[in-house]
Amino acid sequence: MTMNPIATFCKSRRKQLGLSQVEFADRAGVGLRFIRDLEQGKQSLRLDKVNQVLAMFGQQVGPTPIKRENPYG
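Read in order, the letters of the sequence shown correspond to residues 1 to 73 in the numbering used here.
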């Protein structure tokens, strides 16, 4: 699994707040396994739970343009 912007953001913000993964999961209302998967960049996560975690930071997932090397691809 590779780091993605959401994983990097969540892990960084969690550490800024001085929270362990267990504390973060409790505060966000999700399981520890979900936080671990999220922070490790797992590609298939439930969007509603991702938004539940991001809501702690006043954020949510939304549509963003896809960056492509080939503009015709």
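Don't be surprised by glycine CBs; every beta carbon is placed ideally from N, CA and C.
When the distance is taken between beta carbons, is Ala25 closer than 7 Å to Leu32?
Your numbering for residue 32 matches position 32 in the sequence shown. Your numbering for residue 25 matches position 25 in the sequence shown. Yes. Within cutoff.
Local conformation of Arg46 per DSSP, three classes
Indexing the sequence shown from 1 puts residue 46 at position 46. If DSSP states are grouped into helix, strand and coil, Arg46 belongs with coil.
Beta-carbon spacing of Gln21, Ile35 below 7 Å
Counted from its first residue, the sequence shown places residue 21 at position 21. Counted from its first residue, the sequence shown places residue 35 at position 35. In contact: Gln21 and Ile35 (Cβ atoms closer than 7 Å).
CA nearest to the CA of Gly29, picked from Asp48, Pro63, Gly41
For this step, residue 29 is matched to residue 29 along the sequence shown. Considering only alpha carbons, the answer is Asp48.
Taking its Cβ as the centre, do 16 or more other Cβ atoms sit within 10 Å of Glu39, making it buried, or is it exposed?
Looking up residue 39 in the sequence shown gives position 39. Buried is the call here.
Can you tell me whether Pro5 is helix, strand or coil according to DSSP?
Working through the sequence shown from its first residue, we reach residue 5 at position 5. Pro5 falls in the helix class under three-state DSSP.
Distance, Arg46 Cα to Phe9 Cα
By 1-based counting over the sequence shown, the position of residue 9 is 9. By 1-based counting over the sequence shown, the position of residue 46 is 46. Cα-Cα distance, rounded: 17 Å.
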